[in-house]
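Right, one structure below, let's go through it.
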Amino acid sequence: MSWIDTPPGTDPNHARVFARRPEVLAAWQQLNGAIKAQMDPRRYELATVAAALRLRCSYCALAHGQVLAEQHLDDAAVVALVRDPRAAGLTDAEVAVVELADRVAAGAATMQRPDVARARAAGLSDDDVLDVVLAASARMFFSSVLDATGTLPDAGYAALPTALRDALTVGRPIEGEDAATARDTDRVAALYEALAARDVDRLMAGFAPDVDWPDVLQGGRVRGAAAVRSHWLEQWAVTVAETVPRRVRELPDGRVEVLVQQTVRDLDGDLLGGATVLHTYTLRGGLITRMDVGDPLDDL
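Numbers 48 to 347, taken from my numbering, label the letters of the sequence shown in order.
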């Protein structure tokens, strides 16, 4: 259930990892409790789930997504939240909470004054803004510890309704899931890290020689590793794309599906477009042989 030895027992997996440093867990619980005490419970869960989704921490997304579905929203609204917060039936202020927590978890050093200004414009006070920042920052600590130690979400989360469970399993698989599938999802997730770094050699290392790739700029498809390599170099020469995976999961047929938030700008920084899309990967022997792009609304 993790990469470090943990004591046997029936405690949740996260508690068994922290059993080596119980004083740290107690201190974090005191800190997080103080943050939570100042917030509306629904807002706290929205901020926490948003941060966990951005961090791709399945454990925290499942735990707090379940609370959100059972106590504040419903399953369908939480699934919609993963895909597009503005389609989840939230108020403008709640959307601002989700978007601000997402920005914090994405990297506070990249934030700008307009990020806070948008939250204020949606009705958040300065106290509200600080509470969201604190909740997201605390989640970054906890999620990072769990994922850095390879701690898997407890097997009990597999009993959640299928749509909810699949939407919230955004990173590591639930304990007991197939290990080979987990490795394929990890390989696909690494692709997005290579894209963000514009590291073409690292990117191509994950592709089969006969890879079949969509040409989203000009239409049609690009076939063969050499052609796909040229495709990416040409695309990077004229655009800057931010491609953020929001959920990575295995499909029943063995393919790997990624819910992606995309923003494309020209080299001057002007926005060319943005969308939430599905990327579906076929792998053979651990290498990507095909990718298809779809509409996330198609599987609603």
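From the three backbone atoms N, C-alpha and C, an ideal C-beta is built for every residue, glycine too. In this text the structure is predicted, and so the values were computed from the model without any measurement.
With 16 other Cβ atoms within 10 Å as the buried cut-off, status of E240: The residue you call residue 240 lines up with position 193 of the sequence shown. E240 is exposed by the Cβ-count criterion.
Member of R212, L314, A236 whose CA lies at the smallest distance from the CA of V305: Looking up residue 305 in the sequence shown gives position 258. Nearest option by C-alpha distance: A236.
Residue environment, T157, which counts as buried when at least 16 other CB atoms sit within 10 Å: In the sequence shown, counting from the first residue as 1, residue 157 sits at position 110. That one is exposed.
Which listed residue (D262, E224, L250, G316) has its alpha carbon closest to that of L334: Here residue 334 refers to the residue found at position 287 when the sequence shown is read from its first residue. Nearest of D262, E224, L250, G316 to L334, Cα basis: L250.
Per-residue burial, E70 [other beta carbons within 10 Å of its own, 16 or more giving buried]: In the sequence shown, the residue the question calls residue 70 occupies position 23. The residue in question, E70, is exposed, as its Cβ has fewer than 16 Cβ neighbours within 10 Å.
Test item: CB-CB of L199 and N79 under 8 Å: For the purposes of this step, residue 199 is taken as residue 152 along the sequence shown, with counting starting at 1. For the purposes of this step, residue 79 is taken as residue 32 along the sequence shown, with counting starting at 1. No, they are not a contact pair.
Bounding residues of the beta strand (DSSP E) (the contiguous stretch that carries A322): Here the question's residue 322 lines up with position 275 in the sequence shown. Run containing A322: 318–331, per the beta strand (DSSP E) assignment.
Buried or exposed by the 16-neighbour rule on C-beta atoms within 10 Å, applied to P88: Position 41 of the sequence shown, counted from the first residue, corresponds to residue 88. P88 is exposed by the Cβ-count criterion.
Where R103 falls: helix, strand or coil (DSSP): If you number the sequence shown from 1, residue 103 lands on position 56. Three-state result, R103: coil.
Integer Cβ distance of L147 from D162, believed to fall under 8 Å: Numbered from its first residue, the sequence shown carries residue 147 at position 100. Numbered from its first residue, the sequence shown carries residue 162 at position 115. Indeed they touch by this definition, with Cβ atoms about 7 Å apart.
G288, enclosing beta strand (DSSP E) - first and last residue: Taking the first residue of the sequence shown as 1, we reach residue 288 at position 241. The residue you asked about is not Gly; residue 288 is Ala in the sequence shown. Residues 286–297.
Alpha-carbon to alpha-carbon, A81 and L264: Within the sequence shown, the letter at position 217 stands for residue 264. Within the sequence shown, the letter at position 34 stands for residue 81. Distance between the alpha carbons of L264 and A81: 49 Å.
CB contact check: V275 to chain C, cutoff 8 Å: Protein chain content of the structure displayed is limited to a single chain, and chain C is not contained in it.
Three-state class that DSSP yields for L334 in the structure shown: As a first step, residue 334 is located in the sequence shown; it is residue number 287 there, counting from the start. In the structure shown, L334 sits in a strand (DSSP, three-state: E or B).
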